[in-house]
Amino acid sequence: MENQEINCRKNKKKLEHVGFLYIFHKLNADGDVKFWRCEHQHGDVKCRGHVHTSLNDVVLKTVGEHNCQHSAANVAKQQIVTGIKRRAAETMETPAAIRAHAIQQIPTPVLANLPTKNATKKLVKRVRHEIDAPPPVPASIEQLVIPEDYRIYKRSATAQEPFLLADSGIYNEAGREGQERILIFGRQSFRDWASEMKTIYCDGTFAITPTPFTQVYVILARRDKWVFPVCHCLLTAKTQATYERMFDLLHQCWPMFKPHAAAIDFEQAMVGALQAKHSQCDVNFCLFHLVRNMKKRIAEQGLTHLYNTDASFSQAARMITSLAFLPVADLNPALAALEDFLPETLNGVLDWFVINYIGRLRQNNTRARPLFQPDRWSIWSFIDKLREQQKMVDVNMEHFIAGNSPPPKAKKFRDADRRILSILQRYLNAKAALPQLQDDHQYIQNQITPHLIIEICYLFYNCFIT
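Per the numbering used here, the sequence shown starts with residue 7, numbered consecutively.
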């Protein structure tokens, strides 16, 4: 006779025969007979009951005597538990629904031995966790293999699409030791509106980067009034060559991806990559990163404690990054005003800012080319680096398709925007105000108060950037 199979905790087979349960042990030497041991072989009972079956689990003979007590109720219970596990793995029904289905037409003696509702919940959760458990973390790029389940995105139970857009494979980069790799994740269907991704926002982060990569680089795109994360790139380097290869891979996925404007952090490698691969793109820099870079410099100068405890000093420090709001032509007179206004303790920070973002003043009264030119600074709020789940992006996309507007900014941010706009609308170009000025020094000599230039610092004091 054929016997019903049951699974034990380690997912090994169990065989029922005349009220006893057996666990598969091994095959015979010829490989045509299966040996089974009583489930109570170990522990206190140490039952010596065995059975031999064919490969189809038909019992051929019994071996030894059982010293354990057989129980039909125990067999039925384990059959039901196995059914619960199977249904938990094959469906997304709730634990209550699975249990209700399992206990239909079950004899009362068996019901008393079944898992409780809470135990069933834990059982279902454990089964589904084992199914969804990720593979081990690879020790190196070479060992990383992306399972099929991680290559797709399930929009619903019946709709799915590729989610791993590109995999560069293992490659070597000139001038670097070791092997490199790039993975790009995103919804393949976004290629349908890639031609509309005219304005993009790019940012890299290290805090959430999984081993064995070194950076997560995120690209967001504006669509009407909305901004959506469109792809997440896992990188092993942050060189221009890596970024160029990233854009090449993205172009293969989305041939119509040709942005016209990009807001990025102050990273020269990304500037070079955008210029090389998307020469039509106007590159702007993010105000948040400008402020953050200045704070790093303040820390390097040992001024963090003073910045955090002295309100006047921190306000004066913010005046330096307030230069981002001025017309480029007014940077020289603004610097002259700031040099007289700022405390000496900020001279090092101001010098660093001038070298990197404005350029040193030459003897011929022109400025050397800075690392990041001031005409590329732009006023962008910091884009949250913690990515919302793709489901949340889909929810927002549905709101966009329905014609809804994005949620408004918080009131404190709207108020900050109004203050910024009010100050900038009152601002007059320095030489437009007094055309007779011949040079920047006369800006001070004529006692033209730099009030509106200096006042711009207050928008940092009053708005959310601290």
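For glycine and all other residues, C-beta sits at the position ideal for the given N, C-alpha and C.
Within the same chain, and ignoring the five residues on either side of V51 in sequence, the residues whose Cβ sits closer than 6 Å to its Cβ are C74. Annotation: the continuous alpha helix (DSSP H) that includes V277 extends over Q274 to K283. Taking C-beta atoms under 8 Å as the contact rule, R182 and S174 fail to qualify, at a distance of about 14 Å.
If only complete runs of 3 or more residues are kept, the stretch 165 to 246 shows the beta strand (DSSP E) at 166 to 168, 170 to 173, 188 to 191, 205 to 211, 221 to 229 and 232 to 241, in order along the chain. Only residues of its own chain outside the window of five on either side were considered, and among them F319 have a CB closer than 6 Å to the CB of L312, listed in chain order. The beta carbon of K231 sits closer than 8 Å to those of S411 and P412, all from its chain and outside the five residues before and after it, given in chain order. Counting along the chain, the unbroken alpha helix (DSSP H) around T88 starts and ends at A78 to E96. When rounded, the separation of the alpha-carbon atoms in A35 and Q84 is 31 Å. Shortest Cα-Cα distance from W199 to any of S162, I407, H31 and K417 involves I407. As summarised for the stretch 297 to 365, the continuous alpha helix (DSSP H) elements at least 4 residues long and confined to that stretch are 310 to 315, 317 to 327, 337 to 347 and 353 to 359, given in chain order.
The C-beta distance from V355 to M300 rounds to 7 Å, short enough to meet the 8 Å contact threshold. Within the DSSP secondary-structure output, T59 pairs in a beta bridge with K40 and V65.
For A82, the closest C-alpha among the options N119, M325 and S60 is that of N119.
Counting C-beta pairs closer than 8 Å gives three or more between the stretch 88 to 108 and the stretch 124 to 139, which meets the contact rule. Counting along the chain, H266 sits inside no alpha helix (DSSP H), nor does DSSP assign it H or E at all. CA-to-CA, the gap between V334 and G409 works out to about 39 Å.
When the alpha-carbon of A227 is set against those of H238, T220, F219 and P218, the nearest one is in H238. Judged by DSSP in its simplified three-state form, D423 adopts helix. In this model, A282 and E250 are separated by some 7 Å (Cα to Cα). From the listed residues F253, Q185 and L240, the smallest Cα separation to G210 is found for L240. By the C-beta density criterion, T248 is buried, having at least 16 other C-beta atoms within 10 angstroms. Judged by their CB atoms, C259 and L189 are not nearer to each other than the 9 Å cut-off. The straight-line gap separating the alpha-carbon atoms of L66 and V24 is approximately 13 Å. Secondary structure note for H31: its beta strand (DSSP E) is the uninterrupted segment F26 to L33.
For H23, the enclosing beta strand (DSSP E) has its first and last residue at K19 to H23. For I104, the uninterrupted alpha helix (DSSP H) run begins and ends at P101 to A108, by DSSP. If you ignore the 5 residues before and after Y28, its C-beta comes within less than 7 Å of the C-beta of K20, L21, W42, R43, C44, E45 and V57, all in its own chain and listed in chain order. With fewer than 16 other CB atoms across the displayed protein chains lying within 10 angstroms of its CB, K302 is exposed. As computed with DSSP, V289 is found in a beta bridge with A268. Among the bridge pairs identified by DSSP, K160 is matched with Q166.
Cα atoms of A305 and L293: separation of roughly 19 Å, rounded to the nearest angstrom. Take the alpha-carbon of T126 and the one of P101: they are about 6 Å apart. The C-beta distance from G192 to V233 rounds to 15 Å, too long to meet the 8 Å contact threshold. When the five nearest sequence neighbours on each side are left out, the beta carbons in the same chain lying within less than 8 Å of the beta carbon of R157 are those of P168, F169 and L170, in order along the chain. Setting aside the 5 residues that flank it on each side, T245 is surrounded in the same chain by A275, each with a C-beta closer than 6 Å to its C-beta; the list follows chain order.
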